[in-house]
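For reference, the structure is listed below as structure tokens.
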Amino acid sequence: MRPAFHLAIPVDDLTRAREFYGGVLALDEGRSAEAWVDWNCYGHQLVTHVVPGARGDSGRNPVDGHDVPVPHFGLILPVPEFQALADRLRAAGTEFVIEPYLRFAGEPGEQWTMFLRDPAGNALEFKAFKDESQVFAK
Numbered sequence: 165m166r167p168a169f170h171l172a173i174p175v176d177d178l179t180r181a182r183e184f185y186g187g188v189l190a191l192d193e194g195r196s197a198e199a200w201v202d203w204n205c206y207g208h209q210l211v212t213h214v215v216p217g218a219r220g221d222s223g224r225n226p227v228d229g230h231d232v233p234v235p236h237f238g239l240i241l242p243v244p245e246f247q248a249l250a251d252r253l254r255a256a257g258t259e260f261v262i263e264p265y266l267r268f269a270g271e272p273g274e275q276w277t278m279f280l281r282d283p284a285g286n287a288l289e290f291k292a293f294k295d296e297s298q299v300f301a302k
């Protein structure tokens with residue numbers, strides 16, 4: 165079994181979380197209870213826990229001419245899966261924090277990236293490397 169992460173994030177409404185994570189992102193739902201839902205996030209366990217209150221940035225960090233929201237979590241996908249997800253998000257009318265684009269073109273670590281928020285305001289990043297051996301390239 166390959167290593168996988170487990171990440172728990174706060175949401176304020178499980179119905180909206182189900183619509184977004186299960187519907188828009190098309191993640192499979194796992195176990196759940198009244199106050200949480202497990203999601204299969206490309207083989208990783210993502211858990212949405214109900215925690216009332218607003219989310220938002222602690223700050224922003226400039227990267228490649230864009231203001232990256234902090235905190236955020238993300239996932240590296242193969243390029244075809246990244247492009248399919250970007251198309252699905254556009255078709256769902258997703259408002260991007262940073263539209264899908266090619267970052268660091270022609271440099272070490274060249275990657276496709278996009279940032280968006282879930283309905284609770286959590287910032288998400290999805291990215292894809294043309295060459296996955298470049299994930300940690302300097």
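Using our numbering, you'd call the opening residue of the sequence shown number 165 and step up by one each time. We put the CB at the ideal spot given by N, CA and C, even for glycine.
So, does the stretch 165-179 touch the stretch 276-284, judging by three or more C-beta pairs under 8 Å?
The answer is yes - the stretch 276-284 touches the stretch 165-179, with three or more Cβ pairs under 8 Å.
- Query: What separation, rounded to the nearest whole angstrom, lies between the Cα atoms of ALA248 and ALA199?
  - Reply: Using only the alpha carbons, I get a separation of about 31 Å.
For ALA269 and ILE262, what's the separation of their Cα atoms in angstroms?
ALA269 and ILE262: Cα-Cα distance of roughly 16 Å.
Note to self: Taking the alpha-carbon of GLU274 as reference, which of LEU210, SER297 and HIS236 has the nearest alpha-carbon?
What the structure shows: Closest by C-alpha distance to GLU274, out of LEU210, SER297 and HIS236, is SER297.
- Query: Roughly how many angstroms separate the alpha carbons of LEU189 and TYR265, rounded to a whole number?
  - Reply: Each residue's alpha carbon lies about 19 Å from the other.
Simplified DSSP state of SER196, which is helix, strand or coil
Of the three classes helix, strand and coil, the one that applies to SER196 here is strand, per DSSP.
Q: Report the option in TYR185, VAL299 and THR179 whose CA atom is closest to the CA atom of TYR206.
A: Closest option to TYR206, Cα to Cα, is TYR185.
Exercise for review: Output the distance between the C-alpha atoms of GLY187 and GLU271, rounded to the nearest integer angstrom.
Suggested key: When rounded, the distance between both Cα atoms is 35 Å.
### Task
Reducing DSSP to helix, strand and coil, say where TYR265 ends up.
The answer is strand: DSSP assigns TYR265 an E or B state.
Point to revise | Residues bridged to PRO233 (per DSSP) | key: Per DSSP, ARG224.
**Q.** C-beta contact flag for ILE240 and PHE293 at 8 Å
**A.** For the pair ILE240 and PHE293, the CB atoms are nearer than the 8 Å cut-off.
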